[in-house]
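The structure appears right after this line, and notes come after that.
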Amino acid sequence: MNLCASPRKNSLMDQNAVPSFNKGRRDDWKHEVNKSQCNVNLKFTYGDRFIPKRFNAENINYTLKYLETNKEKDILMADEMLVCSYWRQNSFVRAINETFGVRNSRLLQFSNLQSHLSNISRRTNQDCDWPCTPRPRPMAYPNTTHEMPRCSLIDHNLMDWSINGHMAVSLGQDVIIWHNQGETTMVFSVKRPRSLKYSPNGRYLAMGCTDSQHPVLELWKLKTAKEFLVADGKYFQKSDGSICAIEWTQDSQKIVCGTGSGLLVVLQMPTLRTLYKLRKHTDKISSIRYSPNGQYLATADVQGLIYIFHSRQYKVLIRLRSKSSSIIFDWHPWSGVELAISEKSPPSIYIFNVPRREIVAFYQRADKKIMINSINFSKITGELLVNVYRYDDQGCLSCEILVLSSFNRVVDIMGYKEGGMVFMMWSPDGTKIATAGLDESLSIWNFLHSNKVHDTKAKNRVHATERRNSLELYRLFK
Numbered sequence: 092m093n094l095c096a097s098p099r100k101n102s103l104m105d106q107n108a109v110p111s112f113n114k115g116r117r118d119d120w121k122h123e124v125n126k127s128q129c130n131v132n133l134k135f136t137y138g139d140r141f142i143p144k145r146f147n148a149e150n151i152n153y154t155l156k157y158l159e160t161n162k163e164k165d166i167l168m169a170d171e172m173l174v175c176s177y178w179r180q181n182s183f184v185r186a187i188n189e190t191f192g193v194r195n196s197r198l199l200q201f202s203n204l205q206s207h208l209s210n211i212s213r214r215t216n217q218d219c220d221w222p223c224t225p226r227p228r229p230m231a232y233p234n235t236t237h238e239m240p241r242c243s244l245i246d247h248n249l250m251d252w253s254i255n256g257h258m259a260v261s262l263g264q265d266v267i268i269w270h271n272q273g274e275t276t277m278v279f280s281v282k283r284p285r286s287l288k289y290s291p292n293g294r295y296l297a298m299g300c301t302d303s304q305h306p307v308l309e310l311w312k313l314k315t316a317k318e319f320l321v322a323d324g325k326y327f328q329k330s331d332g333s334i335c336a337i338e339w340t341q342d343s344q345k346i347v348c349g350t351g352s353g354l355l356v357v358l359q360m361p362t363l364r365t366l367y368k369l370r371k372h373t374d375k376i377s378s379i380r381y382s383p384n385g386q387y388l389a390t391a392d393v394q395g396l397i398y399i400f401h402s403r404q405y406k407v408l409i410r411l412r413s414k415s416s417s418i419i420f421d422w423h424p425w426s427g428v429e430l431a432i433s434e435k436s437p438p439s440i441y442i443f444n445v446p447r448r449e450i451v452a453f454y455q456r457a458d459k460k461i462m463i464n465s466i467n468f469s470k471i472t473g474e475l476l477v478n479v480y481r482y483d484d485q486g487c488l489s490c491e492i493l494v495l496s497s498f499n500r501v502v503d504i505m506g507y508k509e510g511g512m513v514f515m516m517w518s519p520d521g522t523k524i525a526t527a528g529l530d531e532s533l534s535i536w537n538f539l540h541s542n543k544v545h546d547t548k549a550k551n552r553v554h555a556t557e558r559r560n561s562l563e564l565y566r567l568f569k
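Counted from 1, the sequence shown has number 167 at position 76 by this note's numbering; the numbering is strictly sequential.
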């Protein structure tokens, strides 16, 4: 992370002249040859309505140099005005075309020549920091709200959402399992739960707890919508510490457990036989994530150390050291090779490309006015949800979720005017979000309408299945 050092302040510098944030934008799109073709190889024919004979094609670059560019804004200090400006700039042409029934891709279309020019310019001006298809307009709204004491004091390793519709949350000595469809709530008394995770197929719930001062992994099997059976368990050594994080493979055939001593244990299902023991971390494991394509396994501890393993041989590929001890990360759902890493304070976000072993884009603030609680990608739209804590002008604490499509684009701001909102978890289909309020409330948000899901997934599937040239260095996402 040392590649993105923040600007240093000293007494000799003007404090007002030092920027409060720093950005490293992704510039893959500048590598395209279409940029030169737009100005050199394009031939203009005179006689068209808006191309007089005095027009000189050689002066295009000279003229574009003096066009006013938008000033970079601090995305984590975004307000409603910035969000409204984003939608005016990005949805104006589309709204006019739909209103008046204009079928062409551009509002005013007079010739094939201009159509060719507009397609090239639109493709080269797309400055995306990660693959993303943002929603056409903000459409997230809370659907249901429930009372849940102490739900704001959450640990992301102690909550999960099953493919069967069960939500499991632990807020102390009890594990609460809630089923929205059946409107049932079950409370189980568990001794010192430290982590829990549903299997991707929804058949099992793995839970790390304590039995007779020994850390144990319990495997709960779902019998019916209202009945669980403790199918199996595995004891760990006292020296290993409690089981702090659990992760499943996509085929539900392996479980990875992270302990308080930094030990990683890979278990085979359903016998819970130990396959690998990885002793790379020396501190408590805070997060474990498989990449969406199942190729990599990323782990992090409480001291800010990240290891990226190969998912089959479990060999270390990359080791990253963060400046902050509080870090959160998430894999991009489409590419499977880009990891978003966040530092809580000072707030920083990095997009790390694993095969290239470099940071391709970053955002970093120089102060501690804002803290990042969590970051999560939407697996349908590719938008990045950043849960932040910040103080307003009156000094009141505000907790919001910023929806980003890039490090200079704020798509939406999710939150309440009175009281804050903390991100909890995604639904398995990626259409709903569970959030906790500072007023001890649990809300379920509809992030994306169901009729929009199939269209977005089909478009993302096209990007994933496109054949790439072996000499292609970068790739554009429309």
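Note that CB positions come from ideal geometry on N, CA and C, so glycine has one too.
Cut-off 6 Å between Cβ atoms - residues of its own chain near residue i, not counting five sequence neighbours on either side
{"i": "P229", "result": "D503"}
{"i": "G332", "result": "T350, G351, S352"}
{"i": "G395", "result": "S413, S415, S416, I418"}
{"i": "S534", "result": "P233, T236, T526"}
{"i": "R481", "result": "I461, S489"}
{"i": "L388", "result": "Y381, F400, S402"}
{"i": "I254", "result": "G293, P519"}
{"i": "M505", "result": "A231, I492"}
{"i": "L476", "result": "N467, I492, V494"}
Beta-carbon spacing of residue i, residue j below 8 Å
{"i": "K345", "j": "V356", "result": "no"}
{"i": "L308", "j": "C348", "result": "yes"}
{"i": "V259", "j": "Y289", "result": "Strictly speaking, residue 259 in this sequence is Ala, with Val absent from that position. It is a contact, given that the beta carbons lie within the stated cut-off."}
{"i": "N292", "j": "S343", "result": "yes"}
{"i": "V43", "j": "N464", "result": "The structure shown has nothing for residue 43, since the chain only spans 92 to 569."}
{"i": "I337", "j": "A297", "result": "yes"}
{"i": "T275", "j": "K317", "result": "yes"}
{"i": "A231", "j": "W422", "result": "no"}
{"i": "Y507", "j": "G528", "result": "yes"}
Whole-angstrom distance between residue j and residue i, CA atom to CA atom
{"i": "M515", "j": "M250", "result": "8 Å"}
{"i": "V124", "j": "E474", "result": "Confidence in V124 is poor, its pLDDT being 33 and thus under 50, which makes the residue's placement unreliable; the coordinate value appears in the next sentence. Going by the C-alpha atoms only, they are around 28 Å apart."}
{"i": "E434", "j": "I461", "result": "11 Å"}
{"i": "N467", "j": "P225", "result": "15 Å"}
{"i": "Q386", "j": "H401", "result": "6 Å"}
{"i": "N234", "j": "T365", "result": "43 Å"}
{"i": "F538", "j": "F327", "result": "40 Å"}
{"i": "V321", "j": "L310", "result": "6 Å"}
{"i": "S439", "j": "N478", "result": "12 Å"}
{"i": "K325", "j": "I267", "result": "22 Å"}
{"i": "G299", "j": "P227", "result": "41 Å"}
{"i": "P240", "j": "S518", "result": "21 Å"}
{"i": "C223", "j": "T472", "result": "6 Å"}
{"i": "T340", "j": "L287", "result": "15 Å"}
{"i": "L262", "j": "Q404", "result": "36 Å"}
{"i": "K329", "j": "L313", "result": "29 Å"}
{"i": "T574", "j": "K114", "result": "No answer is possible for residue 574: it lies beyond the span of the chain, which begins at 92 and ends at 569."}
{"i": "G511", "j": "T362", "result": "44 Å"}
{"i": "N248", "j": "G192", "result": "50 Å"}
{"i": "I371", "j": "E449", "result": "Checking the displayed sequence, the identity of residue 371 turns out to be Lys instead of Ile. Going from the Cα of K371 to the Cα of E449 covers about 22 Å."}
{"i": "H540", "j": "H305", "result": "46 Å"}
{"i": "W252", "j": "V278", "result": "16 Å"}
{"i": "L358", "j": "L167", "result": "40 Å"}
{"i": "D323", "j": "A431", "result": "35 Å"}
Nonlocal neighbours in the same chain, by C-beta distance under 7 Å from residue i, ignoring five residues either side
{"i": "E238", "result": "E531, S532"}
{"i": "A391", "result": "S377, S378, I397, I418, F420"}
{"i": "D374", "result": "G353, D392, V393, Q394"}
{"i": "N444", "result": "V428, E429, V451"}
{"i": "K470", "result": "P424, G521"}
{"i": "M360", "result": "S343, Q344, K345, I346"}
Contact set for residue i: own chain, Cβ-Cβ below 8 Å, skip 5 residues either direction
{"i": "Q264", "result": "S280, V281, K282, R283, P284"}
{"i": "P437", "result": "S97, S415, Q455, R456, A457, D458, K459"}
{"i": "P446", "result": "V428"}
{"i": "D483", "result": "S489"}
{"i": "K523", "result": "N234, W517, I535, W536, N537, F538"}
**Request:** At 3 residues or longer, and completely inside the region 233–315: list those beta strand (DSSP E) runs for me, N to C.
**Result:** 250–252, 257–261, 265–270, 275–280, 286–289, 295–302, 305–315
**Within the region 418–474, ranges of the beta strand (DSSP E) (whole runs, at least 3 residues)** = 418–422, 429–434, 439–444, 449–456, 461–468
**Request:** Report yes or no: do the region 421–428 and the region 396–411 share at least 3 C-beta pairs separated by less than 8 Å?
**Result:** no
**Asked** Where are the beta strand (DSSP E) runs, 3 residues long or more, that stay fully inside the region 340–415, in chain order?
**Response** As far as the region 340–415 is concerned, its whole beta strand (DSSP E) runs of at least 3 residues are 345–350, 355–359, 364–369, 376–381, 387–392, 396–401, 407–412.
**Minimum length 3: unbroken beta strand (DSSP E) runs contained in the region 477–547** = Counting only runs of at least 3 residues, the region 477–547 fully encloses the following beta strand (DSSP E) elements, listed from N- to C-terminal order: 488–497, 500–505, 512–517, 523–528, 532–537.
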